[in-house]
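To start, the structure itself, in structure tokens.
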Amino acid sequence: MKHLAALTLSALSLVACSNSNTSTHYYSLQTPHIVATPHIVAYHSLGVGPIKLPSLLDREGVVMRTNAHSLHISDKYLWGGQLEDEFLRALSRQLQARLPNTLIQMLPWEVQQSPQAQIAVQVDQFDGQLGQQAVLSGHWELQQPRDGKILGTQNFNLVITLADKKVDTLINAQAQLVSQLAAQIAASL
Numbered sequence: 001m002k003h004l005a006a007l008t009l010s011a012l013s014l015v016a017c018s019n020s021n022t023s024t025h026y027y028s029l030q031t032p033h034i035v036a037t038p039h040i041v042a043y044h045s046l047g048v049g050p051i052k053l054p055s056l057l058d059r060e061g062v063v064m065r066t067n068a069h070s071l072h073i074s075d076k077y078l079w080g081g082q083l084e085d086e087f088l089r090a091l092s093r094q095l096q097a098r099l100p101n102t103l104i105q106m107l108p109w110e111v112q113q114s115p116q117a118q119i120a121v122q123v124d125q126f127d128g129q130l131g132q133q134a135v136l137s138g139h140w141e142l143q144q145p146r147d148g149k150i151l152g153t154q155n156f157n158l159v160i161t162l163a164d165k166k167v168d169t170l171i172n173a174q175a176q177l178v179s180q181l182a183a184q185i186a187a188s189l
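Using UniProt numbering, the letters of the sequence shown correspond one by one to residues 1 to 189.
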């Protein structure tokens with residue numbers, strides 16, 4: 001009887017521990033406070049979008065590298081919304097902080113309210129390996145919104161070393177990478 005009680009208690013402890021570790025966590029790329037050096041640019045209005053992500057990132061779960069060729073798509077750590085929308089909002093907010101005298105418009109916008117120029121972003125990689133690094137790479141183009149004429153293009157490969165193996169650290173680094181991309185874009189205009 002003693003053994004049965006001890007076994008039952010052990011089983012209940014394991015169930016309690018496993019249930020506490022299975023809760024779902026939702027993340028956003030938004031940063032609560034942005035400190036940025038303002039830039040002066042020739043554009044009174046700037047459109048942001050589209051943001052194109054690789055299909056492997058088009059999912060709810062946070063994508064993490066386990067090594068150079070393997071990925072883990074989490075079912076426990078999820079984006080609070082569509083990653084493409086999160087990225088668009090975060091980049092727009094970061095650009096607005098850096099370009100305070102420029103009206104930043106997110107795609108879609110009304111045809112009669114088209115911005116003077118538009119930033120389109122193609123993301124090739126946006127992930128990280130816990131305890132290693134977070135990476136954001138791809139290219140962006142400055143375009144004329146009315147005809148799509150490309151005014152300039154620039155590649156980016158941004159990396160942040162992660163201090164620990166926490167998913168929160170990875171997500172914070174990814175938000176910082178979007179901020180670094182905004183700084184690169186603002187400085188290039």
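Built from N, CA and C at the ideal position, the CB exists for glycine as well.
Grab the span of the alpha helix (DSSP H) containing residue i for me, first residue to last.
i, result
"residue 172", "167-188"
Any idea what DSSP makes of residue i, helix, strand or coil?
i, result
"residue 75", "strand"
"residue 6", "Residue confidence for residue 6 is low, a pLDDT of 43 falling below 50, so the modelled location carries little weight and cannot support an answer."
"residue 215", "In the structure as shown, the chain begins at 1 and stops at 189. Residue 215 is therefore absent and cannot be evaluated."
"residue 117", "strand"
"residue 137", "strand"
"residue 85", "helix"
"residue 143", "strand"
"residue 125", "strand"
"residue 99", "coil"
"residue 30", "coil"
Leaving out five residues on either side along the sequence, give the residues of the same chain with a beta carbon under 6 angstroms from the beta carbon of residue i.
i, result
"residue 117", "43, 46 and 142"
"residue 158", "136, 177 and 180"
"residue 167", "77"
"residue 37", "none"
If you drop the 5 nearest sequence neighbours on each side, which residues of the same chain put their C-beta closer than 7 angstroms to that of residue i?
i, result
"residue 74", "61, 62 and 64"
"residue 24", "76 and 78"
"residue 155", "139"
"residue 172", "none"
Drop a sphere of 10 angstroms on the beta-carbon of residue i, count the other beta-carbons inside from all chains shown, and report buried for 16 or more, exposed for fewer.
i, result
"residue 127", "buried"
"residue 138", "buried"
"residue 12", "Residue placement at residue 12 is flagged as unreliable, the pLDDT there being 39, under the threshold of 50; a coordinate-derived value is accordingly withheld."
"residue 150", "exposed"
"residue 186", "buried"
"residue 92", "buried"
"residue 51", "buried"
"residue 100", "exposed"
"residue 113", "exposed"
"residue 184", "exposed"
"residue 95", "buried"
"residue 48", "buried"
"residue 56", "exposed"
How is the beta strand (DSSP E) around residue i delimited, first residue to last?
i, result
"residue 130", "It is not in any beta strand (DSSP E) - residue 130 carries neither H nor E in the DSSP assignment."
"residue 65", "61-67"
"residue 151", "150-161"
"residue 48", "45-52"
"residue 25", "25-27"
Which same chain residues end up closer than 8 angstroms to residue i when comparing Cβ atoms and leaving out the 5 residues on each side of it in sequence?
i, result
"residue 132", "65, 161 and 162"
"residue 103", "44, 45, 46 and 115"
"residue 86", "28, 29, 30, 79 and 80"
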